[in-house]
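Residue numbers (the numbering used here): 3 to 297.
Glycine is no exception: its CB is placed at the ideal position from the N, C-alpha and C atoms.
Since the structure comes first, as structure tokens, the remarks are kept for the end.
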């Protein structure tokens, strides 16, 4: 990587995002910069100050306000980093909308899709364009993002799709929810499954276009599954937390991937869990009555 590196984490005020920012700040050097982002100015400032003061922190840490549902803001930040620093070296797309089990999935659909999917598409486009050689662009997803978790009637929307086609599929899903035709088309009630599949499909689409050049320059674009993590977002969905990792523990495998010197072609563009790719076509559609998250 470059002598002076620029790293950015979205959704970094708390939980896994905060742990990723802390890990980057500890493993990067004094000339490097970690940008901790979130949408609430006060929480961003407080989190960045706290991370900067940790005894383990070596890199510079700055807070940046970024509402990932504002795709223009994503583009402006990418352009700013390009103008100031010549680009960015590490982008960890981690933001997620918190949904509780008692919430109506349909009523929360727009917010959930905007944060998890529309934002992912914008990050892949905007930050992919300013990612420097030997860079890392990783989207935090989950093992639910493999294609087999969707009804087979929907597979053609994502399998081998371009980023434009993934976007179209996501907006078709959103429209079906609003029109109350989602169930008959095969979309599950639970938002997390199609959202994660779409995230992984978007990464695969971008990686397919960039693969040859990125592998030649030691650059990695991929999605990652951190496994079961004990956070405020995920805790309400689990009945048994005995196997859950702390955010710091879950961040470790993601950061190991960031700091691996050489890019494994077998991991490029894939959904990676604990250093290994998950087969794209694996998985089975969830039973709607079982609303517990499975990592």
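So, is residue i buried or exposed, given that buried needs 16 or more other C-beta atoms within 10 angstroms?
i, result
"residue 317", "Limits of the chain in this structure are 3 at one end and 297 at the other, which puts residue 317 out of reach."
"residue 225", "buried"
"residue 129", "buried"
"residue 160", "buried"
"residue 56", "exposed"
"residue 168", "buried"
"residue 123", "buried"
"residue 206", "buried"
"residue 288", "buried"
"residue 58", "exposed"
"residue 181", "exposed"
"residue 86", "exposed"
"residue 171", "buried"
"residue 138", "buried"
"residue 294", "Any reading at residue 294 needs caution, since the residue's pLDDT is 40, under 50, leaving its predicted position unreliable; the model's value is listed next. Exposed, by the Cβ-count rule."
"residue 120", "buried"
"residue 2", "Look at the range of the chain in this structure, 3 to 297, and you will see that residue 2 is not part of it."
Considering only residues of the same chain and omitting the five flanking positions on each side of residue i, which have a CB-CB separation below 8 Å?
i, result
"residue 286", "150, 151"
"residue 247", "228, 229, 230, 231, 232"
"residue 148", "199, 202, 273, 280, 281, 282, 283, 284, 285"
"residue 212", "130, 221, 223"
"residue 176", "111, 112, 115"
"residue 49", "14, 15, 16, 20, 23, 38, 40, 65"
"residue 69", "41, 75"
"residue 253", "18, 21, 22, 24, 25, 228"
"residue 178", "184, 187, 189"
"residue 265", "216, 217, 220, 221, 222"
Mind checking who residue i pairs with in its DSSP beta bridge?
i, result
"residue 76", "BP columns for residue 76 are empty, so no partner."
"residue 141", "95, 225"
"residue 40", "67"
"residue 62", "35"
Give the DSSP-derived three-state secondary structure of residue i in the structure shown.
i, result
"residue 296", "For residue 296, the predicted model reports a pLDDT of 35, less than 50, meaning its position is unreliable; a value from the coordinates is still stated below. The answer is coil: DSSP assigns residue 296 none of H, G, I, E or B."
"residue 247", "strand"
"residue 108", "coil"
"residue 279", "strand"
"residue 193", "coil"
"residue 135", "strand"
"residue 11", "strand"
"residue 101", "coil"
"residue 231", "strand"
"residue 265", "coil"
"residue 90", "strand"
"residue 298", "As shown, the chain starts at 3 and ends at 297. That puts residue 298 outside it, with no answer to give."
"residue 273", "strand"
"residue 288", "coil"
"residue 30", "coil"
"residue 16", "coil"
"residue 183", "coil"
"residue 174", "helix"
"residue 129", "helix"
"residue 6", "coil"
"residue 166", "helix"
"residue 25", "helix"
"residue 259", "helix"
"residue 148", "coil"
Return the Cβ separation of residue i and residue j in integer angstroms, given the expectation that the two are a contact with Cβ distance under 8 Å.
i, j, result
"residue 257", "residue 22", "7 Å"
"residue 277", "residue 259", "7 Å"
"residue 107", "residue 193", "5 Å"
"residue 140", "residue 90", "Not really, about 12 Å apart at Cβ, beyond 8 Å."
"residue 146", "residue 204", "Not a contact, Cβ separation roughly 15 Å."
"residue 97", "residue 12", "4 Å"
"residue 134", "residue 77", "Wrong, their Cβ atoms sit about 18 Å apart, outside the cutoff."
"residue 132", "residue 84", "4 Å"
With a CB to CB cut of under 6 Å and the five nearest residues on each side skipped, what residues in its chain are close to residue i?
i, result
"residue 33", "6"
"residue 62", "35"
"residue 54", "63"
"residue 93", "10, 129, 139"
Quick one: what's got a C-beta closer than 7 Å to residue i's C-beta in the same chain, skipping five residues either side?
i, result
"residue 196", "152, 175, 189, 190"
"residue 28", "58, 59, 60"
"residue 208", "126, 130, 165, 223"
"residue 3", "Note that residue 3 has pLDDT 44, beneath the 50 cutoff, so the model's placement of it is unreliable and no number is given."
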